[in-house]
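Enquirer: A single structure is presented below for examination.
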Amino acid sequence: MKINEQLGILEEPVPEPNTSSTDRCAFCPKRKNRKTKVLRTEPVNVPLDNVAEGYLILLVKLGVEEELSENTFKDIEKFVIHLYSTNDNVNSINSLRGILAASIPINKLPPTLDSLRQHCLRAHYQAKIWLNSNIPQQEIMLPSYERSGWKIEEGKLVAVLLTQPAFPEDTSVLSTCNCKKGTSKYTKGNKEVFV
């Protein structure tokens, strides 16, 4: 029986709420099967009763703790690394960005550590609200929105996307060339060098 039939007050199902639409991320858009597999199978050192092992545990932890713990954030970082790479030797999302920057377009790179942290803070804050949504006239202690990935800008609450630059100030390290070897030149010192 549909929920609207149980309630007896709605003729049409309630549409999916559009919550936080400006805060959506697209992780691994072309590797959906891998994302689901990683979510269900990768183990995390988080002991919780009655929950299957894997990164799925992280979703259970969001909003439960008073504030997002560093351990939970590190586990989330590990999860995102595994969404983008099967290399178990990569232990930092920023390192992974550096490795992938040479082979994929910039818009397909994983988020920076700073960007991921801001996103996780907002997700934790929102989950805390949702987990307590059954309490009338909530008197829950929410972390400050300023410490949860939000700020006031022109009288509106907006998401903090970054608190640090996403790329090095010297962007020449990000330059790539699609020319054939030996057809492009650059100056190194006083010499012209062909690559």
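End of the sequence shown sits at 195 in full-length UniProt numbering; the numbers just go up one at a time, nothing left out. Using N, Cα and C, we set each Cβ at its ideal position, and we do this for glycine too.
(1) Output needed for A123: all residues of its chain with C-beta closer than 7 Å, excluding positions within five of it in sequence on either side, in chain order.
(2) DSSP state of L157, grouped into three classes?
(3) Assign T163 to buried or exposed, taking buried as 16 or more other Cβ atoms, counted over all protein chains shown, within 10 Å of its Cβ.
(4) To the nearest angstrom, how far is the alpha carbon of N87 from that of H119?
(5) What is the rounded straight-line gap between the Cα of N91 and the Cα of S69?
(6) By a C-beta neighbour count over all protein chains shown, 10 Å radius and 16 as the cutoff for buried, is V14 buried or exposed?
(7) Find out if the Cβ-Cβ distance for the pair L121, S148 is shorter than 7 Å.
(8) Once you ignore the five residues that flank K151 on each side, which residues in its own chain have a CB closer than 7 Å to its CB?
(9) Could you tell me whether the Cβ atoms of I93 and L113 are closer together than 7 Å?
(10) What runs of the alpha helix (DSSP H), each 4 residues or longer, lie entirely inside the region 65-140?
(11) Quick check on the burial criterion: 16 or more other C-beta atoms within 10 angstroms. Buried or exposed for E153?
Expert: Taking the geometry as given:
(1) By 1-based counting over the sequence shown, the position of residue 123 is 123. For A123, where only same-chain residues beyond five positions count, the Cβ hits under 7 Å are L62.
(2) The sequence position of residue 157 within the sequence shown is 157, counting from 1. The answer is strand: DSSP assigns L157 an E or B state.
(3) Position 163 of the sequence shown, counted from the start, is the residue given in the question as residue 163. Flag for T163 reads exposed.
(4) Indexing the sequence shown from 1 puts residue 87 at position 87. Indexing the sequence shown from 1 puts residue 119 at position 119. Between N87 and H119, the C-alpha separation is close to 24 Å.
(5) Here residue 91 refers to the residue found at position 91 when the sequence shown is read from its first residue. Here residue 69 refers to the residue found at position 69 when the sequence shown is read from its first residue. Cα to Cα, the separation comes out at about 18 Å.
(6) Here residue 14 corresponds to residue number 14 of the sequence shown, with the count starting at 1. Per-residue confidence for V14 stands at a pLDDT of 36, beneath the threshold of 50, marking its modelled position as unreliable; the derived number appears in the next sentence. It is exposed - the Cβ of V14 has fewer than 16 other Cβ atoms within 10 Å.
(7) Taking the sequence shown and counting its residues from 1, one reaches residue 121 at position 121. Taking the sequence shown and counting its residues from 1, one reaches residue 148 at position 148. Going by C-beta atoms, L121 is nearer than 7 Å to S148.
(8) For the purposes of this step, residue 151 is taken as the residue at position 151 of the sequence shown. Cβ within range, chain order: V158, V160.
(9) Along the sequence shown, read from residue 1 onward, the residue named residue 93 stands at position 93. Along the sequence shown, read from residue 1 onward, the residue named residue 113 stands at position 113. Contact flag set, yes.
(10) 70-84, 93-101, 113-131
(11) Within the sequence shown, residue 153 is the residue found at index 153, counting from 1. Exposed, since its Cβ has fewer than 16 Cβ neighbours within 10 Å.
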